[in-house]
Amino acid sequence: MWIFGRKGPSGFSANSTAEEVTKGIDGTGLTAIVTEIVDRGGDQQEMVVAGGRWLAVTKVLKSGRNRYVTPLLAVTAVTATRYSRFCSVIEIHSHREAGCWRWWSKVVAADGRWLAVIKGGCQWLPEVTSDIGRSQGPSNCIFLCLFPVHIFVLSENCISKAFLSFVVTFGASSGIGTETARVLAMHGVHVVMAVRNTDAGRKVKDAILKENPNAKIDVMELDLSSMVSVRKFASEYKSTDLPLNLLINNAGVMAPPFMLTQDKIELQFGTNHIGHFLLTNLLLETMKNTARVSHKEGRIVNVSSEGHRFAYSEGVQFDKINDESSFNTIYAYGQSKLANILHANELARRLKEEGVEITANSLHPGAIATNLLRHHGFLDGLVNLVGKYVLKNTAQGAATTCYVALHPQVKGVTGEYFSDSNIAKPTAQAKDADLAKKLWDFSLSLTDPK
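Okay, structure coming up:
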């Protein structure tokens with residue numbers, strides 16, 4: 228739940244859910260694409276955790292042959308056992324070059340209240356051991372993750388089965404994208420789920436159909452970190468002759484180590500902005516035709532973030548997009564989210580100038596409990612205790628997306644930034660028209676076939 232539920236001019240608040248903000252709206256006849264509605268579950272390995280009362284875990288993601296780990300840890304409650312004072316063996320991998328792991332060291336939980344406090348970096352971490360037989364009862368074990376952080380992998384084959392107390396599998400059917408798809412389908416919208424992992428996408432589809440047998444759901448493959456994949460998806464979508472009323476650019480990568488996409492672009496900028504920029508341009512003519520024939524307003528929705536406030540000082544590092552020496556994972560994330568807003572604003576200006584009945588807006592979904600708690604480590608499980616009162620749940624997190632996509636209050640509104648289902652104020656950089664135009668031209672130069 229969200230305790231700060233004061234309603235804004237729209238009549239909705241941070242406490243409103245996706246179902247509440249779309250109540251009574253008929254989306255029959257509309258077709259929507261929602262990108263990456265699953266939580267990258269097919270690319271995450273199962274992690275077995277043996278350990279203390281509180282233990283931090285993280286996602287492991289794959290990129291080609293390499294693995295990288297989201298550096299923001301989650302605090303997961305682990306049932307206390309006789310051996311819960313100890314964490315058994317953890318592999319800690321360090322990263323120096325893009326996507327390549329150079330070193331690792333094994334850590335056997337140390338005796339005491341804290342297992343470890345580790346700040347990020349590429350240093351070689353020494354082996355730490357402790358006599359596991361001395362354990363007498365539960366205590367707290369936690370990793371404290373501070374920015375910028377790199378690499379923590381929990382490896383199943385390093386952990387003795389005798390000390391297992393919890394198994395963590397990051398599922399593929401959670402997140403605001405899934406809730407967005409579910410709610411849109413509930414209102415009669417034909418939803419096309421554009422996902423990297425089609426097996427995971429089909430599981431989400433099955434779950435939605437189980438709840439709503441009349442839902443129109445399709446699953447198509449799309450990897451926004453690859454321009455080849457984006458072009459292939461757009462071509463295949465056009466070949467279906469489906470209309471397109473709503474394009475919800477929802478996919479995102481948050482704060483990985485420095486990596487390049489297949490197209491040699493920094494991963495967050497390449498996925499969060501360039502992939503969506505190219506996808507939107509390739510599908511824009513289809514949206515224009517749909518709006519013209521159906522006489523219904525088309526809507527493009529970029530899911531940005533308040534993280535855009537933490538971009539580099541110049542906003543977008545045009546000359547250093549792929550410069551590892553100046554890379555900061557949080558600033559790079561902010562840069563990509565700022566780009567989402569600038570993209571929507573410039574697109575809105577161009578469409579309005581052209582007289583096309585398509586709007587383009589951006590939004591902040593809110594701090595989502597199911598998202599942040601999975602990625603961030605906090606002392607002593609404080610977030611588990613407090614987070615449920617001050618962070619949004621998934622239903623609330625998807626509300627602004629569904630509001631901007633469907634609600635009649637938003638008809639004709641374009642080039643705006645939304646938060647909590649109300650128009651909000653982004654940074655001055657996000658409203659910089661010259662910066663938006665420069666980003667547009669820069670993005671065209673990156674996406675034009677060479």
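Note that the numbering used here numbers the sequence shown so that position 181 is 408, with each residue one more than the last. Glycine residues also receive a C-beta, built at the ideal position from the N, C-alpha and C atoms. This structure is a prediction, so every number in the text was calculated from the model and none was measured.
Closest Cα partner of residue i within the set the options
i	options	result
N572	T262, I548, S531, G593	S531
D668	T407, V416, I501	I501
G497	S648, M454, N476, G235	M454
K459	G238, L506, I595, S521	L506
S540	S552, Q562, V528	Q562
P470	F239, A427, L487, S521	S521
T196	S240, D550, I475	Residue coverage of the chain in this structure runs from 228 to 677, which leaves residue 196 outside it and unanswerable.
K523	P653, A594, L633	L633
Q489	I595, S456, T513	S456
K250	P635, G593, K465	P635
L509	K432, K465, G639, G256	K465
N472	E551, E512, M486	E512
A518	D433, G593, T586	T586
N620	G593, V431, G639	G593
V640	D433, G525, L487	G525
D419	A461, L618, N529	According to the sequence provided, residue 419 is Val. The question's Asp does not apply to it. Comparing Cα-Cα distances from V419 to each of A461, L618, N529, the minimum goes to A461.
Check: residue i C-beta below 7 Å from any heavy atom of the ligand HEM
i	result
T498	This structure lacks the ligand HEM, and indeed carries no ligand of any kind.
Residues near residue i in its chain [Cβ-Cβ closer than 6 Å; skip 5 each side]
i	result
A478	T262, E263, L451
S646	H591
A245	E406, V410, A622, A625, A626, C629
G235	N649
L564	The sequence as given places Lys at residue 564; Leu does not occur at that position. Excluding residues within five positions, the ones whose Cβ falls inside 6 Å are S531, S532, G534, H535.
V637	V631
S553	K547
Q495	V480, A559, Y560, S563
L574	A587
Q350	Legend: pLDDT at Q350 = 29, less than 50; position of this residue unreliable, no value from coordinates given.
Distance CB(residue i)-CB(residue j) smaller than 8 Å
i	j	result
G642	N588	yes
H414	G238	no
I527	I492	no
A421	I260	yes
I595	I403	yes
S240	R233	yes
Inter-residue CB distance, residue i and residue j (contact presumed, cutoff 8 Å)
i	j	result
R423	V446	Incorrect: roughly 11 Å between the Cβ atoms, too far for contact.
T674	F504	6 Å
S655	L569	One detail in the question is off: residue 655 reads as Ala in this sequence, not Ser. About 12 Å separates the two Cβ atoms, so there is no contact after all.
L666	V543	6 Å
E682	T425	Past the boundaries of the shown model lies residue 682; the chain is included only from 228 to 677, so the question cannot be answered.
V583	K515	6 Å
F485	E551	5 Å
Bridge partner(s) assigned by DSSP for residue i
i	result
R190	Within the shown structure, residues of the chain are numbered from 228 to 677, placing residue 190 beyond reach of any answer.
A594	In the DSSP output, where bridge partners are listed per residue, A594 has none listed.
H563	The sequence given here has Ser at residue 563, not His. For S563, which the question treats as bridged, DSSP gives no partner whatsoever.
D445	V419
G679	The question about residue 679 has no answer, for the chain in this structure spans 228 to 677.
E581	DSSP lists no partner for E581.
F645	L590, I650
V261	M420, I475
L487	E493
K619	I595
Other residues of its chain near residue i: CB distance less than 8 Å, five sequence neighbours each side excluded
i	result
R576	G642, A660, A663
K652	Y644
K579	T641, G642
N529	N476, H503, N567, I568, H570, A571, A587, N588, S589, L590
Residues of its chain near residue i, where Cβ-Cβ distance is below 7 Å and the 5 sequence neighbours each way are ignored
i	result
I435	A408, R409, A412, A442, I444
V248	F239, A626, C629, Y630, H634, S648
K432	M420, I444, V446
E463	M447
N439	A412, M413
Short CB-CB distance (under 8 Å) between residue i and chain B
i	result
L471	As a matter of chain content, chain B is missing from the structure shown, which is built from one protein chain.
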